[in-house]
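**Student:** Numbering (my numbering), first residue to last: 8 to 241. Ideal Cβ placement from N, Cα and C applies to all residues, glycine included. Supplied in structure tokens, the structure appears directly below.
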């Protein structure tokens, strides 16, 4: 893996097209290394596994009895900074200041996006990632309240589903993503999927689409697909 101390939006975009992504050695490191895993983490956009309790939370639109709101791209810098912050659950991070600045620049170019969970005017969780063609590369997520990052992830899947995306790349597999049905594909297969996705046109912003309507439509389609699969097995 080669060392690339300086990051530019153009370099990062080309790296993603080649199946690579940058990671810093630590929050204090000024260097990054370029990673292309032999096995690539993926989530199904139409068939994301949604735990039962989370599904009820999404339908109710409430966390612990209090309404929450999902917003898109209103606090990107705050989201990526929160993802980089160390905590008891996050003893180390691969997000350094260079990555924060580079992805904020990509956000300004309309390439990087954040999905945010808000409650009573406070950002309580979210995620950020990069969109290229019909592929979305999920980078990191954070949560300050129970289920907040999970809510953001399902809203992300709903948005990608509605917007015509075909690849939701998680890069790696981790215990948190296992509950959503994360799986791995070999690099060769991933690159085939990526090449096809990059040739597609997809819409992340979905102008005029309201989040509550979007998530209800996604959950309804998700439920219908699950029932159809169960009938086919009978």
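Output the boundary residues of the alpha helix (DSSP H) element that contains residue 40.
**Tutor:** Your numbering for residue 40 matches position 33 in the chain shown. Careful: residue 40 lies outside any alpha helix (DSSP H), inside the beta strand (DSSP E) at 39-42.
**Student:** In terms of residues, what are the limits of the beta strand (DSSP E) holding residue 24?
**Tutor:** Within the chain shown, residue 24 is the residue found at index 17, counting from 1. For residue 24, there is no enclosing beta strand (DSSP E); the enclosing alpha helix (DSSP H) has its first and last residue at 16-24.
**Student:** In this structure, how does DSSP classify residue 118 when only helix, strand and coil are distinguished?
**Tutor:** If you number the chain shown from 1, residue 118 lands on position 111. Correct three-state label for residue 118: coil.
**Student:** Using 10 angstroms around the beta-carbon of residue 250, count the other beta-carbons present and answer buried if the total reaches 16, otherwise exposed.
**Tutor:** Residue 250 cannot be examined here, being either before or after the span of the chain that is shown, 8 to 241.
**Student:** Secondary structure at residue 241, three-state DSSP: helix, strand or coil?
**Tutor:** Numbered from 1 along the chain shown, position 234 holds the residue referred to as residue 241. For residue 241, the pLDDT reaches just 41, beneath the cut-off of 50, and the residue's location in the model is therefore unreliable, leaving the point undetermined.
**Student:** Which word fits residue 58, buried or exposed, when buried means at least 16 other C-beta atoms lie within 10 angstroms of its C-beta?
**Tutor:** Translated into the one-based positions of the chain shown, residue 58 becomes position 51. It counts as exposed.
**Student:** Between the C-alpha atoms of residue 14 and residue 181, what's the straight-line distance to the nearest angstrom?
**Tutor:** Taking the first residue of the chain shown as position 1, residue 14 is located at position 7. Taking the first residue of the chain shown as position 1, residue 181 is located at position 174. Going from the Cα of residue 14 to the Cα of residue 181 covers about 26 Å.
**Student:** Kindly provide the ranges of any alpha helix (DSSP H) runs that are 4 or more residues long and lie completely inside the region 139-200, ordered along the chain.
**Tutor:** 155-170, 182-185
**Student:** Does residue 27 come out as helix, strand or coil in the three-state DSSP assignment?
**Tutor:** In the chain shown, counting from the first residue as 1, residue 27 sits at position 20. The answer is coil: DSSP assigns residue 27 none of H, G, I, E or B.
**Student:** Within 10 angstroms of its Cβ, does residue 35 collect 16 or more other Cβ (buried), or is it exposed?
**Tutor:** Here residue 35 is taken as the residue at index 28 of the chain shown, counted from 1. Under this definition residue 35 is an exposed residue.
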